[in-house]
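Chains as they are written, first to last, in our numbering: chain A, 54 to 253; chain B, 2 to 518.
#1: Compute the beta-carbon to beta-carbon distance between residue 441 (chain B) and residue 336 (chain B), rounded to the nearest angstrom, for a pair I have assumed lies under 8 Å.
#2: Just verifying my parser: in three-state terms, what is the DSSP assignment at residue 28 (chain B)?
#3: Taking the straight line between their C-alpha atoms, what separation do you get for residue 139 (chain A) and residue 231 (chain A)?
#4: Using a Cβ-Cβ cutoff of less than 6 Å, which residues in the same chain neighbour residue 339 (chain B) once the five nearest sequence positions on both sides are dropped?
#5: Do you know whose CA, among B:224, B:497 and B:15, lies nearest residue 75 (chain B)'s CA?
#6: Anyone know if the C-beta pair for residue 373 (chain B) and residue 476 (chain B) falls short of 7 Å?
#7: Count Cβ pairs between the segment 461 to 474 of chain B and the segment 310 to 323 of chain B that sit closer than 8 Å; are there 3 or more?
#8: Quick one: does residue 186 (chain A) have its CB under 7 Å from some CB of chain B?
#9: Does any C-beta atom of chain A lie closer than 7 Å to the C-beta of residue 455 (chain B)?
#10: Locate the alpha helix (DSSP H) running through residue 257 (chain B), then write down its first and last residues.
#11: Using the Cα positions of residue 4 (chain B) and residue 287 (chain B), report the straight-line distance between them to the nearest angstrom.
#12: Going by C-alpha distance, which of B:380, B:406, B:296 and B:142 is nearest residue 90 (chain B)?
#13: What is the rounded straight-line gap between the Cα of residue 139 (chain B) and the Cα of residue 478 (chain B)?
#14: According to DSSP, simplified to helix, strand and coil, what is residue 515 (chain B)?
#15: Report, in whole angstroms, the separation of the C-beta atoms of residue 485 (chain B) and residue 429 (chain B), which I expect to be a contact under 8 Å.
#16: Please name the residue in A:240, A:248 and A:184 whose C-alpha comes closest to that of residue 458 (chain B).
#17: State the Cα-Cα distance for the pair residue 38 (chain B) and residue 23 (chain B), rounded to the nearest angstrom.
#18: So that I know if they touch, is there some Cβ in chain A lying closer than 7 Å to that of residue 474 (chain B)?
#19: For the segment 424 to 450 of chain B, which residues have a beta carbon sitting closer than 7 Å to at least one beta carbon of chain A?
#20: For residue 227 (chain A), count neighbouring C-beta atoms within 10 Å of its own C-beta (all shown protein chains included) and say buried if the count is 16 or more, exposed if not.
#21: Identify whether residue 341 (chain B) lies in helix, strand or coil by the three-state DSSP scheme.
#22: Could you check whether residue 195 (chain A) and residue 254 (chain A) sit closer than 7 Å to each other, using their CB atoms as the reference points?
#23: Classify residue 270 (chain B): buried if its beta carbon has 16 or more other beta carbons within 10 angstroms, exposed otherwise.
#24: Please report the distance separating the alpha-carbon of residue 449 (chain B) from that of residue 202 (chain A).
#25: Is the distance from the Cβ of residue 190 (chain A) to the Cβ of residue 473 (chain B) below 7 Å?
#26: Of all Cβ atoms in chain B, is any one closer than 7 Å to the Cβ of residue 194 (chain A)?
#27: Below 8 Å on the Cβ atoms is my guess for residue 128 (chain B) versus residue 154 (chain B); work out the distance and round it to an integer in Å.
#28: Look at the alpha carbon of residue 262 (chain B) and the alpha carbon of residue 235 (chain B), and state the distance between them as a whole number of angstroms.
#29: Per DSSP, what are the beta-bridge partners of residue 216 (chain A) in this structure?
#30: In whole angstroms, what is the alpha-carbon distance linking residue 208 (chain A) and residue 471 (chain B)?
#31: Just to confirm, are residue 490 (chain B) and residue 99 (chain A) a CB contact at a threshold of 7 Å?
#32: Within its chain, find whatever has a CB closer than 7 Å to the CB of residue 506 (chain B); leave out the 5 residues flanking it on each side and keep chain order.
#33: Is there contact here, the segment 239 to 255 of chain B with the segment 277 to 286 of chain B, by at least three beta-carbon pairs under 8 Å?
#34: For the alpha helix (DSSP H) that residue 58 (chain B) lies in, which residues bound it at each end?
#35: Can you tell me the Cα-Cα spacing of residue 114 (chain A) and residue 169 (chain A), whole angstroms?
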């Protein structure tokens, strides 16, 4: 476990205010059962859970990565189309541009959909808009915690925390945490895991 | 290094001296095969070579390779030693790159005695200790004399169970594994042919597998714990089941196709294509029969004992509480005779090519045996009438047996099998039922839940559905319930997290013979 060095001062070291969750229900379509009882917990909104969103810088980082991938491709296609004068080359260029636009619209929403919550005995991680996922990891089942940050993530001042249980199916990774928060979460998870230690 | 201090010098043991020869012959065969293959390319010149004094050179090379290989193996043997202490097994190995491995006995997941054909002929066996450390984490002690391997296995299991060495402790309260017989009352299911319900044994021995009541002072040495056979697989059924498989159907179709092509084209050359196919299918079939041959399961205070294999024999011992999940599966062609394959997840059996062999609890079970196999793992299903519950899980649909089925909306996502999707939570376990064509039931004891998940795709969301996933250790069983009502799934997620927590708190200790603290 390595804590990424906080290269730049993090402007938001504390957990983010969770007011973002307020506008999340907008993402949920009013499905075929609009008469859902308000008391029952919705599948991805367990009762009494306050979600902590991840840093907005994750969106910036992902968008930058997207631009770095698609930008050169798009530029190449445009240059080729202009140079050769072949009109059909505009089609792939348009496709790439559309992909980029779609990504630009999707990524911020995806990042907003990412969230985690620390409950008394387990950690909740959720992700996805179209394909939603919610994972509940009991602290006592954690085998180890990884904190990682690549060079790109470090530039944007984010790190990711991943929890491992004895099951490889546990996909509980939280991307886009400020390094200080990542370190805090790591220590907290480790200490809670130790307190509730169980075998397999 | 540091653990040398804690291991008394006289505790170190070596594996059998024949080991290098036994391990080395494979290398020799490989070398000869490669050389032979190369020579076969040019048979004539090879014959010329061998005709002269060339064969002497060839023989010399083979002998040299054998000597070098044997020398290295002997060196490796000299450097390999192991010791068993009260807490751990220590293994030192490696010539150039030395490895010191220490496996904690309270983390022991399973002990296997494996006997490949050649080793069996020589009366040797390999002892394999599985710990939950991912791939390559098993401690392999190869080869030992078979009685030694058996004795070592008893010793390891007894130590792992929390018993102390008689000389060291002498504690009057420590139970010998050999005296735990009264604790297990195994039903006479296998041979008798009577339809003994697994419900009966649960009632008869409510504490089956738990700490035996009558603890007697330990004898001088660790004895092999007594075992009682629970079921055995008759050979005709294994062959019948192997024949009723997709492999054979594919082979038959291929033969028909080949014959038709040959008749139409008035040429036998299409039939030549069948030969490699025959070899492939034959190999697959042989593998299945070989692995499942003389499959026997027994119950002992040390846990579940499985023995199987024709050429390579394997005796597995899975201590109590080490099975993480069970799956009962019925391929389409097995529906007629109502046969089931029972597989288990055991941490440590996860990786490697042998995993598929080691994770079988019953290769071909009748319905009664399937229920018994489930009972082996989970003596208490947590309901009044376990047999009825198993029946409902195996072949029921909708709300049979108290299952919570998928709602009607699920027919849009799974038009064929939607009535089989269902979940039942009992006091001790979660049962997930699915599949109409290939019926499938997964059972996870609450205290073995690793983590839980909820998944929902766009179509599912429109229909108000969600899939509930239970994460288990790596293995053949990946329990999940698809297309449940969203609210039901969410409630299940909440309750199941709570249930897993309470079950873990009450779970027996890792050292299964120890009193609960």
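For each residue, glycine too, the CB sits at the ideal point set by N, CA and C.
Concretely, from the data shown:
#1: Residue 441 (chain B) sits at position 440 when you count from the first residue of the second chain. Residue 336 (chain B) sits at position 335 when you count from the first residue of the second chain. Not confirmed; about 13 Å, so no contact.
#2: For the purposes of this step, residue 28 (chain B) is taken as the residue at position 27 of the second chain. Helix.
#3: As a first step, residue 139 (chain A) is located in the first chain; it is residue number 86 there, counting from the start. As a first step, residue 231 (chain A) is located in the first chain; it is residue number 178 there, counting from the start. Cα to Cα, the separation comes out at about 47 Å.
#4: By 1-based counting over the second chain, the position of residue 339 (chain B) is 338. Contacts found: 368.
#5: Working through the second chain from its first residue, we reach residue 75 (chain B) at position 74. Considering only alpha carbons, the answer is B:15.
#6: Reading the second chain from its first residue, position 372 is the one you call residue 373 (chain B). Reading the second chain from its first residue, position 475 is the one you call residue 476 (chain B). Going by C-beta atoms, residue 373 (chain B) is not nearer than 7 Å to residue 476 (chain B).
#7: With the rule of 3 Cβ pairs closer than 8 Å, the segment 461 to 474 of chain B does not count as touching the segment 310 to 323 of chain B.
#8: Along the first chain, one-based indexing puts residue 186 (chain A) at 133. Interface residue (Cβ-Cβ distance to chain B less than 7 Å): residue 186 (chain A) is classified as such.
#9: Numbered from its first residue, the second chain carries residue 455 (chain B) at position 454. Interface residue, yes.
#10: Counted from its first residue, the second chain places residue 257 (chain B) at position 256. Where residue 257 (chain B) is concerned, the enclosing alpha helix (DSSP H) starts and stops at 247 to 266.
#11: Counted from its first residue, the second chain places residue 4 (chain B) at position 3. Counted from its first residue, the second chain places residue 287 (chain B) at position 286. Any reading at residue 4 (chain B) needs caution, since the residue's pLDDT is 48, under 50, leaving its predicted position unreliable; the model's value is listed next. Those two C-alpha atoms are separated by around 45 Å.
#12: Taking the second chain and counting its residues from 1, the one referred to as residue 90 (chain B) is at position 89. Among B:380, B:406, B:296 and B:142, the Cα nearest to that of residue 90 (chain B) belongs to B:142.
#13: On the second chain, position 138 is the one that residue 139 (chain B) refers to. On the second chain, position 477 is the one that residue 478 (chain B) refers to. Spanning the two alpha carbons is a distance of roughly 21 Å.
#14: Indexing the second chain from 1 puts residue 515 (chain B) at position 514. Reduced to three states, the DSSP call for residue 515 (chain B) is coil.
#15: Indexing the second chain from 1 puts residue 485 (chain B) at position 484. Indexing the second chain from 1 puts residue 429 (chain B) at position 428. Actually they are not in contact, since the Cβ atoms of residue 485 (chain B) and residue 429 (chain B) sit about 21 Å apart, beyond 8 Å.
#16: Counting from 1 along the second chain, the entry for residue 458 (chain B) is found at position 457. Per the Cα distances, A:184.
#17: Numbered from 1 along the second chain, position 37 holds the residue referred to as residue 38 (chain B). Numbered from 1 along the second chain, position 22 holds the residue referred to as residue 23 (chain B). Spanning the alpha carbons of residue 38 (chain B) and residue 23 (chain B) requires a straight line of approximately 23 Å.
#18: Translated into positions along the second chain, residue 474 (chain B) becomes position 473. Yes, its Cβ sits closer than 7 Å to a Cβ of chain A.
#19: The segment 424 to 450 of chain B vs chain A, Cβ under 7 Å: nothing.
#20: Walking along the first chain from the start, residue 227 (chain A) turns up at place 174. With 16 or more Cβ atoms within 10 Å of its Cβ, residue 227 (chain A) is classed as buried.
#21: What you label residue 341 (chain B) is simply residue 340 of the second chain in a count that begins at 1. Note: residue 341 (chain B) maps to strand in three-state DSSP.
#22: Coverage of chain A is limited to positions 54 through 253, which leaves residue 254 (chain A) absent and any answer about it impossible.
#23: As a first step, residue 270 (chain B) is located in the second chain; it is residue number 269 there, counting from the start. Exposed is the call here.
#24: The sequence position of residue 449 (chain B) within the second chain is 448, counting from 1. The sequence position of residue 202 (chain A) within the first chain is 149, counting from 1. Each residue's Cα considered, the two are about 32 Å apart.
#25: Residue 190 (chain A) sits at position 137 when you count from the first residue of the first chain. Residue 473 (chain B) sits at position 472 when you count from the first residue of the second chain. 7 Å or more divides the Cβ of residue 190 (chain A) from the Cβ of residue 473 (chain B).
#26: If you number the first chain from 1, residue 194 (chain A) lands on position 141. By the rule that beta-carbons nearer than 7 Å mark a contact, residue 194 (chain A) touches chain B.
#27: Locating residue 128 (chain B) in the second chain gives position 127, counting from the first residue. Locating residue 154 (chain B) in the second chain gives position 153, counting from the first residue. Indeed, because the Cβ distance is near 6 Å, the residues count as touching under 8 Å.
#28: Here the question's residue 262 (chain B) lines up with position 261 in the second chain. Here the question's residue 235 (chain B) lines up with position 234 in the second chain. Their backbone Cα atoms lie some 39 Å apart in a straight line.
#29: By one-based count along the first chain, residue 216 (chain A) stands at place 163. Listed as beta-bridge partners of residue 216 (chain A) by DSSP are A:198 and A:225.
#30: Working through the first chain from its first residue, we reach residue 208 (chain A) at position 155. Working through the second chain from its first residue, we reach residue 471 (chain B) at position 470. Their backbone Cα atoms lie some 37 Å apart in a straight line.
#31: Counting from 1 along the second chain, the entry for residue 490 (chain B) is found at position 489. Counting from 1 along the first chain, the entry for residue 99 (chain A) is found at position 46. Between residue 490 (chain B) and residue 99 (chain A), the C-beta gap is not smaller than 7 Å, which leaves the two residues out of contact.
#32: Taking the first residue of the second chain as 1, we reach residue 506 (chain B) at position 505. So no residue of the chain qualifies.
#33: In this structure the segment 239 to 255 of chain B lies against the segment 277 to 286 of chain B, because at least three pairs of beta carbons, one per stretch, are closer than 8 Å.
#34: Residue 58 (chain B) sits at position 57 when you count from the first residue of the second chain. Counted as a single uninterrupted DSSP element, the alpha helix (DSSP H) harbouring residue 58 (chain B) occupies residues 55 to 80.
#35: On the first chain, position 61 is the one that residue 114 (chain A) refers to. On the first chain, position 116 is the one that residue 169 (chain A) refers to. Here the alpha carbon of residue 114 (chain A) sits roughly 19 Å from the alpha carbon of residue 169 (chain A).
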